[in-house]
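In our numbering, the protein residues as written are 1 to 432. Yeah, the Cβ is synthetic: ideal placement off N, Cα and C, and Gly gets one too. This structure is a prediction, so every number in the text was calculated from the model and none was measured. Single-structure report; data block below.
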């Protein structure tokens, strides 16, 4: 560890300078030789570094989600070229290039933070050995050596001997109890952070080897922290515990506000957003507007939780718009199975099928109405004729219609039959 730390000795001076500046502030409050002044200086150093690493953390989130999306394609490439490792690597690199994904992006925060970690270890190790390092020299070095956190010196380790611990003005029992407790908290925070990522912020619809790798890391990282932690000075344990707690809180915020699509966290987020929008009848916040805008733009590609969100808004009389806003609308009911129905479109209804008796009754009533209208028209025409207009007499034996004898009688008989009653209409499905 000392050899690795010496490789980053070029930044020990900046790290020690930052610690001294924070110590000058906290020393005025708690006293320059107290463990609170030096301990809070290390905590403030962690917060400063993590704030500077926020852009890299955002890239890490995007890279992790992109890797999750590419896992099915990567699995196909591995199966297709399992006997040709070189071709497999070429196809993998081609896939990364086409998708704009870099596998190392998911490790950027850890890689960027490593130099500061080893530099801090180098500084604290110098304090433990009484060696001036960076800007910590003279009175500052003696003050740092005397600083205790809950009875454990900043430079003490779990594996130190009783004589070395006594030279720092502490007992071996106090040092081992404090360091063991901090190691447990450090490992537990790392486990909880990884477990939170696996159980809440992973797309459950895609089963990939990447998920198995993350699940394995959930158990490997805490064990690694426990093994290496026994060789860390108390000050480094303070640094690492603080950065783990920061990572856990930062991840909780991201999972709550920007969850992975298809995850349990997204389902909970959309449920909260639906209640908020339904209650206020509008969208509040630019982030929520961008979320709704992205969901509307997906159309038929929405997942189960996103479809449920859109349907919940429409049932409440609200329609999601393409710009991420919502408007009130009464006829915007969308069936649960209609993924791509546009906002504001009325629900399609199928006509009800009538029974056979109702169809026959409708046909009979329609025919009766036609006969009544025809009789009424004939009566109106008869009333419009002048009274002196009488029909001319025709020779005996001639028919009124000018046809063959007897045809008039048959015509009258036929018309009489029609007046007596309407014949039963044929069923529409029967052949003519």
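Item	Value
Just to confirm before moving on: does the CB-CB distance between residue 154 and residue 165 stay below 7 Å?	no
Given this structure, state the Cα-to-Cα distance separating residue 319 from residue 313, to the nearest angstrom.	6 Å
Measure the beta-carbon distance from residue 179 to residue 237 and round it to whole angstroms, keeping in mind my assumption that it falls under 8 Å.	6 Å
If you measure between the beta carbons of residue 158 and residue 227, is that distance less than 7 Å?	no
Could you tell me which residues DSSP pairs with residue 148 in its beta bridges?	153
Does DSSP put residue 133 in a helix, a strand or coil?	strand
Start and end of the alpha helix (DSSP H) containing residue 326?	Element bounds for residue 326: not the alpha helix (DSSP H) but the beta strand (DSSP E), 326–328.
Work out the CA separation of residue 15 and residue 46 for me, nearest whole Å.	11 Å
Per DSSP, which one or two residues make a beta bridge with residue 465?	No answer is possible for residue 465: the residues shown for the chain start at 1 and end at 432.
Are residue 51 and residue 116 touching if we call contact CB-CB under 7 Å?	no
Within its chain, find whatever has a CB closer than 7 Å to the CB of residue 144; leave out the 5 residues flanking it on each side and keep chain order.	38, 127, 136 and 154
Measuring only between beta-carbons, confirm whether residue 91 sits less than 7 Å from chain B.	Considering every chain present, this structure includes no chain B. It has just one protein chain.
Got a sec? Which residues, its chain only, sit under 8 Å from residue 55 by beta carbon, not counting five neighbours each side?	none
Please classify residue 35 as buried or exposed, where buried requires at least 16 neighbouring CB atoms within 10 angstroms.	buried
Could you check where the alpha helix (DSSP H) with residue 31 kicks off and where it finishes?	Here residue 31 belongs to no alpha helix (DSSP H), and DSSP marks it neither H nor E.
Tell me where the alpha helix (DSSP H) around residue 189 begins and ends.	172–200
May I ask you to report which of helix, strand or coil DSSP gives residue 230?	coil
Buried or exposed: which applies to residue 24, given that a residue is buried once 16 or more other Cβ atoms fall within 10 Å of its Cβ?	exposed
Expressed to the nearest angstrom, what Euclidean distance is found between the alpha-carbon atoms of residue 287 and residue 325?	12 Å
By alpha-carbon positions, which one of 192, 218, 234 and 295 ends up nearest to residue 183?	234
What do you reckon, are the CB atoms on residue 132 and residue 120 nearer than 7 Å?	no
Roughly how many angstroms separate the alpha carbons of residue 73 and residue 163, rounded to a whole number?	59 Å
For residue 274, collect the residues of the same chain with a Cβ closer than 7 Å to its Cβ; drop the 5 residues on either side in sequence, then sort them by chain order.	309, 312 and 313
Short check: CB of residue 263 to CB of residue 202, under 7 Å?	yes
In whole angstroms, what is the alpha-carbon distance linking residue 64 and residue 251?	13 Å
Measure from the alpha carbon of residue 280 to the alpha carbon of each residue in 317, 101, 297 and 257, then state which is nearest.	317
For residue 258, name the three-state secondary structure that DSSP assigns.	coil
On the criterion of 16 or more Cβ atoms from any shown chain inside 10 Å, does residue 29 qualify as buried, or is it exposed?	exposed
Would you please state the rounded distance, in angstroms, between the beta carbons of residue 156 and residue 33? I believe it to be under 8 Å.	The Cβ separation is near 16 Å, so there is no contact.
Between the Cα of residue 243 and those of 256, 193 and 289, spot the shortest distance and give me the residue it belongs to.	193
Helix or strand or just coil, what does DSSP make of residue 283?	coil
Suppose you measure from the CA of residue 246 to the CA of residue 328; what does that come to, to the nearest Å?	42 Å
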